[in-house]
Amino acid sequence: GPAADRLDADGLPLRHDLRGASAYGAPQLDVPVRLNTNESSHPVPEAVVRAVAEAVAAVAGDLNRYPDREFSALREDLAAYLARTTGQPLVAEQTWAANGSNEVLQHLLQAFGGPGRTALGFTPAYSMHPVIATGTGTRWVDGFRPGDPADPFWLGAEAAAAQAAEVDPDVVFLCSPNNPTGTALDLDVVTAVLDAAPSALVVVDEAYAEYARAGTPSAVTLLPGRRRLVVTRTMSKAFAFAGARVGYLAADPAVTAALRLVRLPYHLSSLTQAAARAALAHADLLLAAVEATKEQRDRLVEGTAALGLRPVPSDANFVLVGGFADERAAWQALLDQGVLVRDVGLAGHLRVTAGTEAETTAVLDALAALPR
Ligand code: PMP
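Taking the UniProt record's numbering, I'd label the letters of the sequence shown as residues 58 to 429.
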């Protein structure tokens, strides 16, 4: 009867759109070389460990009180960091932060997506974009990346704008540098999509921006005069701070004001705010590891090409490598050698995070030992 129709196979009243879905998450395996989640392989430097510990200790006595709901000091620091690294002046009101950029994206979809609304992304891209869309009741439309001779996953302005015009979405996700393919978008893709979808919020996910090759400007530089543009960032990658869960964005102050309507009160703990500010105060020291990681990224590109594989050009801290006859068998064979990489569900491809010099050597050696 109608009552039973509302229950799933386990007899639970689970939402229909979640039935049969599987949870997102890469395996967390304890193996010597972990290159599957695009973390920084560099531990937090000792000076930053001390600064974080002192900052956390300084607020611990006030944990009887709720944190600053507006996380104002952190917003000031985030605006200063973005202004310094992108050249684009920003004020604190243009920033927002949450527990990882995943939560920032969820806030955006809670406020600008939702039931009756549509989000468009260009697949393959970050697989959490459709998951967060579903979780917020936003209809998801899978766009495509047409590719070009130099990059099988290339997305240009014309193809992106045509799809945006056709779908007329409420939210568009652009991921630059794109996960899992690695390449950054030209900024004309962003402006073309803003023009082609005149009522859409256009979200550029720049989780890997700090790793981009020279001459790749951030979409933050496009913010003036573009109220529907949002650029998301994270401290999980370049700041080697994935465990702290801090993501943020830059946008018009009207966008960030709207996010107050959906965030839970006090969503950023005093501990998180203090730790993030301590890390931001040491940005230069932390970003030094980014340079080392970019060298390993380039070594992965050259080394896999030399093995006859097909790396996709990368602006990120990972490389998507094509040319595997059987990517699942290759993934298992690498794991058997103690090297964990990511099977992103793309035929013939595996994604490898760029870590330390020793880790690059280990993965290249393991790849060279694969049966062919
Ligand atoms: N965006 C992209 C493109 C990512 O790859 C990731 C992490 N894998 C995130 C956002 C989310 O990261 P976090 O929640 O740790 O900020």
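Yeah, the Cβ is synthetic: ideal placement off N, Cα and C, and Gly gets one too.
Query, Result
"Along the chain, where does the alpha helix (DSSP H) containing residue 152 start, and where does it finish?", "Looking at the DSSP string, residue 152 is not in any alpha helix (DSSP H); the run it does join, the beta strand (DSSP E), is 152-155."
"Put residue 332 into one of helix, strand or coil per three-state DSSP.", "helix"
"Closer than 7 Å: is that where the CB of residue 159 sits relative to any heavy atom of the ligand PMP?", "yes"
"In this structure, does DSSP put residue 434 in helix, strand or coil?", "Because the chain in this structure spans residues 58 to 429, residue 434 falls outside the shown range and cannot be described."
"Could you check which residue in 381, 418, 415 has the C-alpha nearest to that of residue 405?", "381"
"Roughly how many angstroms lie between the CA atoms of residue 442 and residue 355, to the nearest whole one?", "Nothing can be reported for residue 442, as the shown portion of the chain is limited to 58 through 429."
"Taking the runs of the beta strand (DSSP E) that are 3 residues or longer, which of them lie wholly in the segment 381-421?", "407-410"
"Compute every distance between the C-beta of residue 238 and the non-hydrogen atoms of the ligand PMP, then say whether any falls below 7 Å.", "no"
"Name the residue from 114, 85, 410, 403 whose alpha carbon lies nearest to the alpha carbon of residue 375.", "410"
"Does the ligand PMP have a heavy atom nearer than 7 Å to the CB of residue 326?", "no"
"Within the chosen definition, does the segment 152-160 reach the segment 297-311 through at least 3 CB pairs nearer than 8 Å?", "yes"
"Mind checking who residue 197 pairs with in its DSSP beta bridge?", "176"
"Identify every run of the beta strand (DSSP E) within the segment 290-353, keeping only runs that are complete inside it and at least 3 residues long; order them along the chain.", "304-308"
"Quick one: give me the first and last residue of the beta strand (DSSP E) that residue 375 is part of.", "375-379"
"Once the 5 residues before and after residue 193 are set aside, which same chain residues still bring their CB inside 7 Å of it?", "163, 166, 167, 170, 171"
"Please classify residue 239: is it buried, with 16 or more other beta-carbons within 10 angstroms of its beta-carbon, or exposed?", "buried"
"Taking C-alpha atoms, which residue in 427, 373, 426, 331 lies nearest to residue 115?", "331"
"Given 7 Å as the limit, tell me if residue 390 has its C-beta closer than that to any heavy atom belonging to the ligand PMP.", "no"
"Are there 16 or more other CB atoms within 10 angstroms of the CB of residue 360, so buried, or fewer, so exposed?", "buried"
"Roughly how many whole angstroms lie between the Cα atoms of residue 178 and residue 207?", "22 Å"
"Using the beta-carbon count (16 or more within 10 Å), is residue 123 buried or exposed?", "exposed"
"Check each candidate in 62, 92, 336, 401 and name the one with the smallest Cα separation from residue 104.", "336"
"Who pairs with residue 286 in a beta bridge, going by DSSP?", "259"
"Can you round the beta-carbon distance between residue 92 and residue 398 to whole angstroms, since I take them to be within the 8 Å contact cut?", "5 Å"
"How far does the alpha helix (DSSP H) with residue 243 in it extend, from its first residue to its last?", "Careful: residue 243 lies outside any alpha helix (DSSP H) and carries neither H nor E."
"With three or more beta-carbon pairs closer than 8 Å as the criterion, would you say the segment 230-248 touches the segment 271-285?", "yes"
"Return yes when the Cβ of residue 108 is within less than 8 Å of the Cβ of residue 132, no when it is not.", "no"
"Could you pull the start and end residues of the alpha helix (DSSP H) that residue 481 belongs to?", "One cannot answer for residue 481 here, as it falls past the ends of the chain, which runs 58 to 429."
"Sorry if obvious, but does the Cβ on residue 293 come closer than 7 Å to a heavy atom of the ligand PMP?", "yes"
"State the DSSP-derived secondary structure class of residue 229, mapped to helix, strand or coil.", "strand"
"Straight-line CA distance for residue 146 to residue 368?", "36 Å"
"Taking all protein chains shown into account, do 16 or more other C-beta atoms lie within 10 angstroms of the C-beta of residue 187, making it buried, or fewer, making it exposed?", "buried"
"Less than 7 Å between the CB of residue 299 and some heavy atom of the ligand PMP, yes or no?", "yes"
"Let me know if residue 151 comes out buried or exposed under the rule of 16 or more other beta-carbons within 10 Å of its beta-carbon.", "buried"
"Using DSSP with H/G/I as helix, E/B as strand and the rest coil, what is residue 372?", "coil"
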